[in-house]
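Here is the structure we will look at, set down as structure tokens.
There are 2 protein chains.
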Amino acid sequence: MKDRMTPAVRMAGHSQRGQCAKRLSILDAAADVFCRQGFAGASIDEIAAVACVSRQTIYNHYREKETLFVAVVEDVMNRANAMLFSVLSGFPENADNLEDDLTGFAVRLNKNCICNHDGKFLRKLVQTEGERYPHLFESWRRQGPGKLTTALSALLARLAHGRALVIDDFDVAARQFVALCNADLQMMTLFGETPSDEQLEKAARNAVRTFLKAYGAPPADKAGPRAHLAALPG
Amino acid sequence: MKDRMTPAVRMAGHSQRGQCAKRLSILDAAADVFCRQGFAGASIDEIAAVACVSRQTIYNHYREKETLFVAVVEDVMNRANAMLFSVLSGFPENADNLEDDLTGFAVRLNKNCICNHDGKFLRKLVQTEGERYPHLFESWRRQGPGKLTTALSALLARLAHGRALVIDDFDVAARQFVALCNADLQMMTLFGETPSDEQLEKAARNAVRTFLKAYGAPPADKAGPRAHLAALPG
DNA sequence: GTAAAATTAGACTCCATTGTCTAAATCGTC
DNA sequence: GACGATTTAGACAATGGAGTCTAATTTTAC
Chain E
200 MKDRMTPAVR
210 MAGHSQRGQC
220 AKRLSILDAA
230 ADVFCRQGFA
240 GASIDEIAAV
250 ACVSRQTIYN
260 HYREKETLFV
270 AVVEDVMNRA
280 NAMLFSVLSG
290 FPENADNLED
300 DLTGFAVRLN
310 KNCICNHDGK
320 FLRKLVQTEG
330 ERYPHLFESW
340 RRQGPGKLTT
350 ALSALLARLA
360 HGRALVIDDF
370 DVAARQFVAL
380 CNADLQMMTL
390 FGETPSDEQL
400 EKAARNAVRT
410 FLKAYGAPPA
420 DKAGPRAHLA
430 ALPG
Chain D
200 MKDRMTPAVR
210 MAGHSQRGQC
220 AKRLSILDAA
230 ADVFCRQGFA
240 GASIDEIAAV
250 ACVSRQTIYN
260 HYREKETLFV
270 AVVEDVMNRA
280 NAMLFSVLSG
290 FPENADNLED
300 DLTGFAVRLN
310 KNCICNHDGK
320 FLRKLVQTEG
330 ERYPHLFESW
340 RRQGPGKLTT
350 ALSALLARLA
360 HGRALVIDDF
370 DVAARQFVAL
380 CNADLQMMTL
390 FGETPSDEQL
400 EKAARNAVRT
410 FLKAYGAPPA
420 DKAGPRAHLA
430 ALPG
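Chains as they are written, first to last, in this note's numbering: chain E, 200 to 433; chain D, 200 to 433.
Here it is as structure tokens:
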């Protein structure tokens, strides 16, 4: 059996674009089938059919079903983490327009990290296969959601330092922010349904309003401390 | 094939305690195995072994694997719903000691409905098999989580009517309360881990504090509107 | 105690799937 | 256009699980 080429080598020359395309096609198809059927229920033949590739090609690239599964999970995790930090980079820097900026951030968080394909895949697979592959998912937990809390916590601390928020425990506030973002979509998320843009917008707005009611800094004494309530439309 | 007896008939005489015990034993074992392995991964032989029953006995009670699966899911749903409404009945009636009472309620909600065996089972199975049995899980969604929001919303409305809370949208507040309760346990919940009593307590306290910061009624003008912050320990 | 019903172990068939192998076809490079 | 590498379709063996059947045993009802 010859050595498998590393991704770097694989991308080096344009010579193997075809091979690389097959690989990606297999990964995508496998993600789809594993997500729908679970590990046990997924058949290599079905993956091959979805990928428009012969079964043998799959075995050329991945020694066995489990190898393929691990590769798929790692692939999705990498994509999901990259997306997570891309979304995190859009967290509001300053406090002008905080409500709107936070709402936009919440929409992107839900839309691109939690309610998307990859989020659905990871939730499903972590739950069903987590116990069978502890270190695989444990590493995701540390690198994905774990770092999300840490990073979000730091971003909230920055806003609090700038007097835009009043927060006693940044980690708790970070987790609560994420939880509130999902509050209205929990059931859809659980059932794997995709919310409409309107639903995303409304959920984010509800979340941010409540978050700011709890953690928003009281406006600098010219108005009452709940002035933002009076500013609500309707 | 003879008619299957209804549960009522089954319990009527003491004559069939043995048969009934087998049935329950099969349901429990099947819940365990389906939860660990999913529908496709679960083998009837393993269920029989766990239930200490022969394979044929399972087929005497349930025509085929799918029949057994549906029965298990319905059984767990019924238990979970009963527990849910039992916990709901402990929702605080009046506003003396609201923070502590709500915290106790939040602990019970997490401990007995969300982080327990049945909660884990339902989350897992809804996600993995939900698309294959739409009406089965749809009915649970309406009768379980759906009614939870409705009921909790009404309970919050009662407190708001008694001036203990200030809430604009009761449904949103209900969903947010549940979301906040899980905020600190989300990852453990996802990974199917069971939180300690201490973790449950802390998570509930964090949730209720934030909920009351957002929705607590401002104390009747003797102190500033954020007086409860000053009342925090530390 | 006896008869009917339920349970058991195990053999059995059937079928889907995994993973291997091979010979032909296709692709990319020179 | 030729050559090597890759892909393909399909046959193939081996495995495991679903569901049936039977004959013996146990439990329950009366």
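C-beta: ideal position from N, C-alpha, C; glycine also. Model, not experiment: these values are computed from the prediction.
Residue range of the alpha helix (DSSP H) that D/A363 falls in? The residue given as residue 363 of chain D occupies position 164 in the second sequence. Here D/A363 belongs to no alpha helix (DSSP H), and DSSP marks it neither H nor E.
Looking only at its chain, what residues have a beta carbon closer than 7 angstroms to the beta carbon of E/F268, apart from the 5 residues adjacent to it on each side? Locating residue 268 of chain E in the first sequence gives position 69, where the first residue counts as 1. Excluding the 5 residues flanking it on each side, E/F268 has same chain C-beta neighbours closer than 7 angstroms at F233 and F238, in chain order.
Distance cut-off 8 angstroms: E/G361 Cβ against heavy atoms of the ligand ADP: Of ligands this structure carries none, so the ligand ADP is not represented either.
Could you check the C-alpha separation between D/E245 and D/E392 for me, to the nearest Å? Here residue 245 of chain D corresponds to residue number 46 of the second sequence, with the count starting at 1. Here residue 392 of chain D corresponds to residue number 193 of the second sequence, with the count starting at 1. Here the alpha carbons of D/E392 and D/E245 stand approximately 24 angstroms from one another.
Contacts around E/F290, its chain only, beta-carbon distance under 6 angstroms, and the 5 residues preceding and following it disregarded: Numbered from 1 along the first sequence, position 91 holds the residue referred to as residue 290 of chain E. So the list reads F304 and L354, once near-sequence residues are dropped.
When DSSP labels each residue in this structure, what does E/Y414 get in the three-state scheme? Numbered from 1 along the first sequence, position 215 holds the residue referred to as residue 414 of chain E. DSSP, reduced to helix, strand and coil, places E/Y414 within a helical segment of the structure shown.
Can you name the start and end residues of the alpha helix (DSSP H) that E/Y258 belongs to? Numbered from its first residue, the first sequence carries residue 258 of chain E at position 59. Unbroken alpha helix (DSSP H) run through E/Y258: R254 to H260.
Distance between beta carbons of D/Q326 and E/L389, contact taken as under 8 angstroms: On the first sequence, position 190 is the one that residue 389 of chain E refers to. On the second sequence, position 127 is the one that residue 326 of chain D refers to. A Cβ-Cβ separation of about 7 angstroms places E/L389 in contact with D/Q326 under the 8 angstroms criterion.
Is there a C-beta anywhere in chain D that falls below 9 angstroms from the one on E/E397? As a first step, residue 397 of chain E is located in the first sequence; it is residue number 198 there, counting from the start. No, E/E397 does not count as interfacial toward chain D.
Any C-beta of chain D under 9 angstroms from that of E/R209: Looking up residue 209 of chain E in the first sequence gives position 10. Its pLDDT being 35, under 50, E/R209 is placed unreliably by the model, and the measurement read from it follows with that caveat. No, E/R209 does not count as interfacial toward chain D.
So which residues on chain E does D/T302 lean against when the C-beta distance must stay under 7 angstroms? Here residue 302 of chain D refers to the residue found at position 103 of the second sequence. Residues of chain E with a Cβ closer than 7 angstroms to the Cβ of D/T302 do not exist, since the nearest Cβ in that chain sits about 14 angstroms away.
Could you check how far apart the C-beta atoms of E/D317 and E/A279 are, in whole angstroms? I think they sit under 8 angstroms. By 1-based counting over the first sequence, the position of residue 317 of chain E is 118. By 1-based counting over the first sequence, the position of residue 279 of chain E is 80. In this structure E/D317 is in contact with E/A279, their Cβ atoms being roughly 4 angstroms apart against a cut-off of 8 angstroms.
Sub-9 angstroms separation of D/F336 and D/L347 beta-carbons: As a first step, residue 336 of chain D must be located in the second sequence, where it is residue number 137. As a first step, residue 347 of chain D must be located in the second sequence, where it is residue number 148. In this structure, D/F336 sits away from D/L347, with a CB-CB distance that is not shorter than 9 angstroms.
Going by other Cβ atoms of all chains shown within 10 Å of its Cβ, with 16 needed for buried, is E/C312 buried or exposed? Translated into the one-based positions of the first sequence, residue 312 of chain E becomes position 113. E/C312 should be labelled buried.
Check this for me: beta carbons of D/V407 and D/T302, under 9 angstroms apart or not? Stepping through the second sequence from its first residue, residue 407 of chain D is reached at position 208. Stepping through the second sequence from its first residue, residue 302 of chain D is reached at position 103. Yes, the Cβ-Cβ distance between D/V407 and D/T302 is below 9 angstroms.
For the stretch 371-380 of chain D against the stretch 399-416 of chain D, do three or more pairs of beta-carbon atoms, one drawn from each stretch, fall closer than 8 angstroms, so that the two count as touching? With the cut-off at 8 angstroms, the stretch 371-380 of chain D and the stretch 399-416 of chain D touch.
Spatial neighbours of E/L399 within its chain, please: C-beta separation below 6 angstroms, excluding the five flanking residues on both sides. Here the question's residue 399 of chain E lines up with position 200 in the first sequence. V306, N309 and K310, listed in sequence order.
Residues of chain E with CB closer than 8 angstroms to the CB of D/R374, please, in chain order. Counted from its first residue, the second sequence places residue 374 of chain D at position 175. In chain order: A382, D383 and Q385.
Helix, strand or coil for D/A294, going by three-state DSSP, please let me know. For the purposes of this step, residue 294 of chain D is taken as the residue at position 95 of the second sequence. Coil at D/A294, not helix or strand.
Taking the alpha helix (DSSP H) that E/F320 falls in, what are its first and last residues? Against the first sequence, residue 320 of chain E aligns to sequence position 121. Per DSSP, E/F320 belongs to the alpha helix (DSSP H) from H316 to E328.
Given that a residue counts as buried once 16 or more other Cβ atoms are within 10 Å of its Cβ, and exposed if not, what is D/A403? Within the second sequence, numbered from 1, the residue matching residue 403 of chain D stands at position 204. Under this definition D/A403 is a buried residue.
Would you list, in chain order, the members of the stretch 335-346 of chain D that have their beta-carbon closer than 9 angstroms to a beta-carbon of chain E? The residues in question are F336, E337, R340, P344 and G345.
Verify the CB distance criterion: does E/Q218 have a CB-CB separation below 9 angstroms to chain D? For the purposes of this step, residue 218 of chain E is taken as the residue at position 19 of the first sequence. No, E/Q218 does not count as interfacial toward chain D.
Any beta-carbon of chain E closer than 9 angstroms to the one on D/Y414? Within the second sequence, the letter at position 215 stands for residue 414 of chain D. For D/Y414, the answer is yes, since a Cβ of chain E falls inside 9 angstroms of its Cβ.
Please state if the CB of D/A363 and the CB of D/A294 are separated by a distance shorter than 9 angstroms. As a working note, residue 294 of chain D is residue 95 in the second sequence. As a working note, residue 363 of chain D is residue 164 in the second sequence. When the beta-carbon positions are compared, D/A294 and D/A363 come within less than 9 angstroms of each other.
Can you name the residues of chain E whose CB is closer than 8 angstroms to the CB of D/K323? For the purposes of this step, residue 323 of chain D is identified with residue 124 of the second sequence, where counting begins at 1. Think of a sphere of 8 angstroms around the beta carbon of D/K323: the chain E residues whose beta carbon falls inside it are Q326 and T327, in chain order.
With distance defined between alpha-carbon atoms, name the residue in D/C380, D/P417, D/G343 and D/R340 nearest to D/A359. Reading the second sequence from its first residue, position 160 is the one you call residue 359 of chain D. Considering only alpha carbons, the answer is D/P417.
Between the CA atoms of E/Y261 and E/S214 - distance to the nearest angstrom: By 1-based counting over the first sequence, the position of residue 214 of chain E is 15. By 1-based counting over the first sequence, the position of residue 261 of chain E is 62. Any answer about E/S214 is weak, because its pLDDT of 37 lies below 50 and its placement is not dependable; what the coordinates show is given next. Distance between the alpha carbons of E/S214 and E/Y261: 21 angstroms.
Are D/V252 and D/A270 closer than 9 angstroms when you measure CB to CB? On the second sequence, position 53 is the one that residue 252 of chain D refers to. On the second sequence, position 71 is the one that residue 270 of chain D refers to. No; because the gap between Cβ atoms is not below 9 angstroms, this pair is not in contact.
Considering only their Cβ atoms, is the gap separating D/A241 from D/K264 smaller than 9 angstroms? As a first step, residue 264 of chain D is located in the second sequence; it is residue number 65 there, counting from the start. As a first step, residue 241 of chain D is located in the second sequence; it is residue number 42 there, counting from the start. Their beta carbons are under 9 angstroms apart, which means D/K264 touches D/A241 by this criterion.
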